[in-house]
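Residue numbers (the numbering used here): 272 to 532. We treat Cβ as the ideally placed atom computed from N, Cα and C, and that holds for glycine. Just so it is clear, the structure is predicted and the values come from calculations on it, not from any experiment.
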């Protein structure tokens, strides 16, 4: 696999396809991709505070390759590593065109501009499916509008300490959970405190707070307008992205969200 390293704080767009990737910069018109009509066209938005996004991106790509799921990757890593940024990619009104699903794995808690947030949520409401991972739940958490939280399907503004958390499967018959073992332990991650579960959300699994004993959703699906949404609050540490069960879950959740299963 060719590896394209992003310069710190630089704006960049790369397109990666499975393990035989080629790239174009923002002046390119389309990513070079598998010619298979079965390929899922995935947009991955990744950057911001607090996580090893280069490592996580590699692990996501390798997980789909492991499962033999063909993917046309477009990876956008913009905005630096702070908590406030507006990504240039979203300034194009047609940014969501030609994708089956967008994976949000970014962390910008202090970005609050309503017009900017709506420029992201409206294309999802109109039909762009979504996967939301970990700090996506705390992205835009200071915003007064609820559009992003409605897209997520949950509201969270804080988390418990890092620990090993057991996952209780609550919807064993859902296709996303079909091979995920009930009681599986996520060895080193943060438990997000869920303040609200929105009306169109279906909770698939929970974990218990070591501080309060309360169960919080950690895996779910949501319907946001015409969009299917898969979400998980786990994904903080590199060890979580090294966990085969977690990565299998993300692959199944993404293919479900993209309406490929």
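Taking the alpha carbon of residue i as the point to measure from, which residue in the options has its own alpha carbon closest?
i, options, result
"residue 521", "355, 401 and 323", "401"
"residue 357", "382, 337 and 336", "382"
"residue 370", "412, 339 and 313", "313"
"residue 478", "528, 430 and 498", "430"
"residue 421", "393, 442, 440 and 347", "393"
"residue 213", "336, 333, 348 and 339", "It is not possible to answer for residue 213, since the shown part of the chain is limited to 272 through 532."
"residue 438", "531, 346, 340 and 505", "505"
"residue 419", "450, 451 and 469", "469"
"residue 496", "331, 339, 509 and 396", "396"
"residue 451", "426, 519 and 483", "519"
"residue 321", "365, 508 and 336", "508"
"residue 414", "406, 340 and 384", "384"
"residue 407", "362, 364, 354 and 416", "354"
"residue 309", "328, 341, 367 and 410", "341"
"residue 361", "352, 387, 491 and 336", "387"
"residue 514", "368, 363, 435 and 417", "435"
"residue 445", "368, 336 and 491", "491"
"residue 359", "486, 471 and 391", "391"
"residue 410", "331, 336 and 352", "352"
"residue 517", "367, 449 and 480", "449"
If you check the beta carbons only, do residue i and residue j fall under 7 Å apart?
i, j, result
"residue 433", "residue 458", "no"
"residue 447", "residue 524", "yes"
"residue 454", "residue 379", "no"
"residue 423", "residue 498", "no"
"residue 465", "residue 488", "yes"
"residue 374", "residue 315", "yes"
"residue 440", "residue 476", "yes"
"residue 528", "residue 372", "yes"
"residue 317", "residue 376", "yes"
"residue 426", "residue 467", "yes"
Throw me the rounded Cβ distance for the residue i and residue j pair, which I believe falls under 8 Å.
i, j, result
"residue 389", "residue 412", "About 16 Å; that fails the 8 Å criterion."
"residue 473", "residue 442", "7 Å"
"residue 502", "residue 493", "7 Å"
"residue 531", "residue 311", "6 Å"
"residue 343", "residue 512", "About 21 Å; that fails the 8 Å criterion."
Indicate whether at least one CB of chain C lies closer than 7 Å to the CB of residue i.
i, result
"residue 360", "Protein chains in the displayed structure number just one, and chain C is not present."
Could you tell me which whole beta strand (DSSP E) segments of length 3 or greater appear in the stretch 310-350?
311-319 and 342-348
Give, in chain order, every unbroken run of the beta strand (DSSP E) that is at least 3 residues long and sits entirely within the stretch 385-454.
The stretch 385-454 contains these whole beta strand (DSSP E) runs: 400-404 and 425-437.
Quick one: complete alpha helix (DSSP H) runs, 4+ long, within the stretch 492-516?
509-512
Secondary structure, alpha helix (DSSP H): runs of 4+ residues fully inside the stretch 354-387:
none
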